[in-house]
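One structure is given below, encoded as structure tokens.
Number of protein chains: 2
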Amino acid sequence: MTKLKVASFGISLDGFGAGPSQSLENPLGVGFPEVMNWFFPTREFRKMQRLEGGETGVDNEMAEKGMSGMGAWILGRNMFSHSRGPWPDDNWKGWWGDEPPYHVKTFVLTHYAHDPIMMKGGTEFIFVTDGIESALEQARAAANGKDIRVGGGVATVRDYLSAGLIDEMHLAVRPVLLGKGEHLFNGLDMRALGYEVAESIAGERTTHVIIRKK
Amino acid sequence: MTKLKVASFGISLDGFGAGPSQSLENPLGVGFPEVMNWFFPTREFRKMQRLEGGETGVDNEMAEKGMSGMGAWILGRNMFSHSRGPWPDDNWKGWWGDEPPYHVKTFVLTHYAHDPIMMKGGTEFIFVTDGIESALEQARAAANGKDIRVGGGVATVRDYLSAGLIDEMHLAVRPVLLGKGEHLFNGLDMRALGYEVAESIAGERTTHVIIRKK
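Order-wise, the sequence lines are chains A and B.
Every letter in the first sequence is one number past the one before it in our numbering, and letter 191, counting from 1, is 191.
Every letter in the second sequence is one number past the one before it in our numbering, and letter 149, counting from 1, is 1149.
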């Protein structure tokens, strides 16, 4: 049965899932690359960039798990683009170059209609303007029994958590203080929403925590 | 040189340093014992209760470090007592029985004057009504070159962090979702306050993180 998953989602020790002031120069927000610096050294991340090498070990295994077996992805607008509001005429096709690492239908949540974009390697960006449940429904049809991954960012993950729609979430808690940014859990009563920690695994550079819906 | 330390301070994955609704029945707030359930099984905790046995290992070592070498302690009123406001006439002497685990002068922050209380084993509770800096000054004089530990609770630790007065903080991050309670870092920009993570150590039941002032 299709599960809706979050994976390899980095948070700082003080709870931030993205840095402040996202921009073309700072796709993850200021300071956030430090929080993701367990993912960048892995073989899996280098493979996504079609590069050789990279580290193996627990962090790499967790990174691999998060990328494999997905039948569809869901992304928030701000994870797809640095622009805000009505789409500018800039021919933007995401942060990931000609061949994004998704290789399946990838639904982008937005308030502004946009034609689908077919990319190399099977990734098709499809823009959904009628909300998270509609995106999930379309992703479920596309996934054909495989799992669906909510890629992010923070606001999108929070929306799906608040609606109780995430089945499993793999967080990577990095021992780094970010100070400001977008907080993942603030104001969300995760216990009341039915979530509990199933597992905690020490990696080389981060602690991996698996959260499941009861 | 005397350092002001926080040690063995448990937080949940979602960032809470105490549960909601502290009371005589729930000294740590509802649900919080689960967050401290790395400390309770240790030999150090059992020793504090004058009990035999208990587990050894990383968690126990960290627990031991936090209790040793302290020349004075500072506690918030709510860590000393379940009562609020003017002191009731209940002969309350803290949660810890006749012989508390401090064995040194222990300064209790309160808005209401209270006579000192001498306990067995060298703990003396001294009540400070003129603020955190005064308490620190008095603790420094009492500590005679040894370190001072801020025991808690959350509000007291936050007050000392906000003032930039904590030199070192050992957090124990438990993979548990609490949902609600007192958040340790909310609204505190730890990076701007000059703090950084110095070390992260995987324990048996929790991840130990050492934070230091730059």
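Beta carbons are placed, not taken as given, at the ideal position from N, Cα and C, and that holds for glycine.
No experiment lies behind these values; they were computed from the predicted model shown.
DSSP bridge partner residues for residue i (one or two, in chain order)
i               : result
E1196 (chain B) : B:R1212
R1077 (chain B) : For R1077 (chain B), which the question treats as bridged, DSSP gives no partner whatsoever.
F9 (chain A)    : A:L171
L1188 (chain B) : In the DSSP output, where bridge partners are listed per residue, L1188 (chain B) has none listed.
V1128 (chain B) : B:L1109
A202 (chain A)  : A:T207
E1182 (chain B) : B:A1018
A72 (chain A)   : A:I148
M1118 (chain B) : B:E1124
L1004 (chain B) : B:I1148
Cutoff 7 Å: residue i Cβ touching any chain B Cβ
i              : result
L177 (chain A) : yes
T207 (chain A) : yes
D115 (chain A) : no
D14 (chain A)  : yes
Close Cβ partners of residue i (< 6 Å) along its chain, the five nearest in sequence each way excluded
i               : result
K1093 (chain B) : I1117
F1080 (chain B) : G1094 and V1108
I1201 (chain B) : H1208
R1084 (chain B) : none
E196 (chain A)  : K214
P1027 (chain B) : W1095
Min CB distance residue i to chain A below 7 Å
i               : result
M1190 (chain B) : yes
K1180 (chain B) : yes
V1197 (chain B) : yes
F1009 (chain B) : no
A949 (chain B)  : Past the boundaries of the shown model lies residue 949 (chain B); chain B is included only from 1001 to 1214, so the question cannot be answered.
F1185 (chain B) : yes
Same chain, Cβ closer than 8 Å to residue i, five either side skipped, listed in chain order
i               : result
G164 (chain A)  : L193, G194 and K213
E1052 (chain B) : R1046
D1014 (chain B) : L1177, L1178 and G1179
I148 (chain A)  : T2, K3, L4, K5, M70, G71, A72, W73, I74, L136, A139 and R140
N144 (chain A)  : G71
N1186 (chain B) : G1015
Residue i vs residue j beta-carbon contact at 7 Å
i               : j               : result
V1150 (chain B) : V1006 (chain B) : yes
G1066 (chain B) : V1104 (chain B) : no
G1054 (chain B) : R1043 (chain B) : yes
L24 (chain A)   : H111 (chain A)  : no
A155 (chain A)  : G97 (chain A)   : no
G1181 (chain B) : G1019 (chain B) : yes
M169 (chain A)  : I126 (chain A)  : no
M1048 (chain B) : H1208 (chain B) : no
E955 (chain B)  : G1057 (chain B) : One cannot answer for residue 955 (chain B) here, as it falls past the ends of chain B, which runs 1001 to 1214.
A113 (chain A)  : T123 (chain A)  : no
L184 (chain A)  : G17 (chain A)   : yes
P1088 (chain B) : M1119 (chain B) : no
G10 (chain A)   : N78 (chain A)   : no
Same chain, Cβ closer than 7 Å to residue i, five either side skipped, listed in chain order
i               : result
I1132 (chain B) : L1109, D1159, Y1160 and A1163
S12 (chain A)   : V35, R174, V176, L177 and L178
T206 (chain A)  : W38, D59, A172, V173 and R174
W146 (chain A)  : Before going further, note that residue 146 (chain A) is Lys rather than Trp in the sequence given. These residues qualify, in order along the chain: T2, G69, M70 and G71.
S8 (chain A)    : F39, M62, A63, G66, H170 and A172
S1134 (chain B) : V1128
S21 (chain A)   : G29 and V30
R191 (chain A)  : none
Those runs of the beta strand (DSSP E) which lie wholly inside the region 136-171 of chain A and span at least 3 residues: 147-152
Contained alpha helix (DSSP H) runs [length at least 4] in the region 25-56 of chain A, N- to C-terminal order: 43-48
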